[in-house]
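Asks:
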């Protein structure tokens with residue numbers, strides 16, 4: 015009887031891995047009572063041993079293949095849940111993940127933007143942290159007084175800066191020494207069109223920038239009304255020393271009664287006509303502010 019057996023040739027003794035051999039034909043005696051020859055026994059033993067070796071190698075290869083091909087739950091961004099950008103949270107969002115942060119994001123723990131808030135998160139809007147930057151309608155002149163005015167008295171300060179005569183009057187007054195009344199009056203007379211503007215600016219400065227602008231004088235409600243409602247009449251009066259003195263006299267003694275006006279008129283006769291125009295406008299527009 016001929017038996018065909020596929021042999022696995024083990025060449026490990028020669029530094030080679032087992033490999034399939036040729037088909038070997040072993041002739042067995044035809045008598046059923048005789049044992050197979052020794053060659054058949056050797057071939058069977060070799061085939062059985064090689065089969066076990068192949069099976070073990072196949073199991074090992076399958077185990078390695080399953081280990082290499084099994085992906086984790088994380089994406090390309092790293093281990094753990096989350097895609098390539100990290101865990102939950104959109105790009106730039108605060109909290110975990112996003113392109114700017116979170117565990118497992120691109121760039122390792124914290125992401126390329128650092129752990130915690132995402133790359134786009136910011137503490138406040140631009141320009142805006144706590145309070146943001148101050149916004150100026152018109153520029154200061156660089157000194158503490160005008161810097162304060164530009165921030166806290168924008169309406170009166172900017173109105174003066176936009177008026178050539180008011181700005182010129184302000185520059186002129188800066189050149190006068192403290193309590194130099196003659197110098198101040200010369201500036202007022204030279205730049206009469208800027209008088210109402212500079213006094214309104216000074217009134218705001220005395221309230222809101224007194225530390226930075228100590229030379230500015232406060233305005234009474236009556237004076238504020240005159241300067242806003244009767245600007246032309248006030249400019250003409252204050253530009254003349256006698257009319258300015260007349261106004262100051264009346265304001266000082268108004269509460270004393272009707273005799274105040276006569277006394278002041280006698281003392282400052284040259285300013286009566288210009289002052290009269292102011293009083294007429296005042297009566298029409300200022301009412302209770304000048305009572």
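In our numbering, the protein residues as written are 15 to 305.
Idealized CB from N, CA, C, for every residue including glycine.
Values in this document were obtained by computation on a predicted structure and should not be read as measured data.
Residue 161 to residue 225, Cα distance in whole Å?
Replies: So the alpha carbons of these two residues sit roughly 12 Å apart.
Asks: Hey, out of 200, 203 and 212, whose CA is closest to residue 175's CA?
Replies: For the residues 200, 203 and 212, the minimum Cα distance to residue 175 belongs to 212.
Asks: I want to know whether the region 180-197 touches the region 163-172 - three or more CB-CB distances under 8 Å.
Replies: The region 180-197, when compared against the region 163-172, does not touch it at the 8 Å Cβ threshold.
Asks: Going along the chain, which residues of its own chain have a beta-carbon closer than 7 Å to the beta-carbon of residue 235, five neighbours each way excluded?
Replies: Once the five neighbours on either side are set aside, the close Cβ partners of residue 235 are 303.
Asks: Distance check for residue 279 and residue 249, CA to CA, integer angstroms please.
Replies: Between residue 249 and residue 279, the C-alpha separation is close to 19 Å.
Asks: Using only the alpha-carbon positions, how far apart do residue 298 and residue 247 sit?
Replies: One C-alpha to the other measures close to 13 Å.
Asks: Which of helix, strand or coil does DSSP assign to residue 270?
Replies: Helix, per DSSP.
Asks: Is the region 279-289 touching the region 249-264, taking contact as three or more C-beta pairs under 8 Å?
Replies: Yes, they touch.
Asks: I need the straight-line Cα distance from residue 272 to residue 198, nearest angstrom please.
Replies: Between residue 272 and residue 198, the C-alpha separation is close to 31 Å.
Asks: Could you spell out the range, first to last residue, of the alpha helix (DSSP H) harbouring residue 222?
Replies: Element bounds for residue 222: 209-222.
Asks: Tell whether a beta-carbon distance below 9 Å holds between residue 218 and residue 163.
Replies: Result yes, Cβ atoms of residue 218 and residue 163 sit closer than 9 Å.
Asks: Considering only the beta carbon of each residue, do residue 210 and residue 188 sit closer than 9 Å?
Replies: Not a contact, by the Cβ cut-off of 9 Å.
Asks: Tell me which residues share the same chain as residue 255 and place their Cβ nearer than 6 Å to its Cβ, disregarding the 5 neighbours each side in the sequence.
Replies: Cβ within range, chain order: 199.
Asks: Using the Cα positions of residue 295 and residue 173, report the straight-line distance between them to the nearest angstrom.
Replies: Between residue 295 and residue 173, the C-alpha separation is close to 23 Å.
Asks: Does the beta-carbon distance from residue 9 to residue 265 come in below 9 Å?
Replies: Outside the displayed span of the chain (15 to 305) sits residue 9, for which this structure offers no information.
Asks: Using C-beta distances below 6 Å, list every residue in its chain close to residue 72, excluding the 5 sequence neighbours before and after it, in chain order.
Replies: Low confidence applies to residue 72: its pLDDT is 38, below 50, so where it sits in the model is not reliable enough to give any reading.
Asks: Verify whether the separation of the beta carbon atoms of residue 202 and residue 253 is less than 9 Å.
Replies: Yes, these two residues count as a Cβ contact at 9 Å.
Asks: Tell me the DSSP secondary structure of residue 226 in three-state form.
Replies: Residue 226: coil per DSSP, three-state reduction.
Asks: Relative to the alpha-carbon of residue 268, which residue among 239, 245 and 305 has its alpha-carbon at the smallest distance?
Replies: Of 239, 245 and 305, the residue nearest in Cα terms is 305.
Asks: Give me, in chain order, the residues of the same chain whose beta-carbon lies closer than 7 Å to that of residue 230; leave out the 5 immediate sequence neighbours on both sides.
Replies: Cβ neighbours of residue 230 beyond the five flanking positions: 216, 219 and 220.
Asks: Can you tell me which of the three DSSP states residue 288 falls into?
Replies: In the structure shown, residue 288 sits in a helix (DSSP, three-state: H, G or I).
Asks: For a quick check, are the C-beta atoms of residue 244 and residue 292 less than 9 Å apart?
Replies: Yes, these two residues count as a Cβ contact at 9 Å.
Asks: Around the Cβ of residue 301, are there at least 16 other Cβ atoms within 10 angstroms (buried) or fewer (exposed)?
Replies: With fewer than 16 other Cβ atoms within 10 Å, it is exposed.
Asks: Please state if the CB of residue 204 and the CB of residue 180 are separated by a distance shorter than 9 Å.
Replies: Result no, Cβ atoms of residue 180 and residue 204 do not sit closer than 9 Å.
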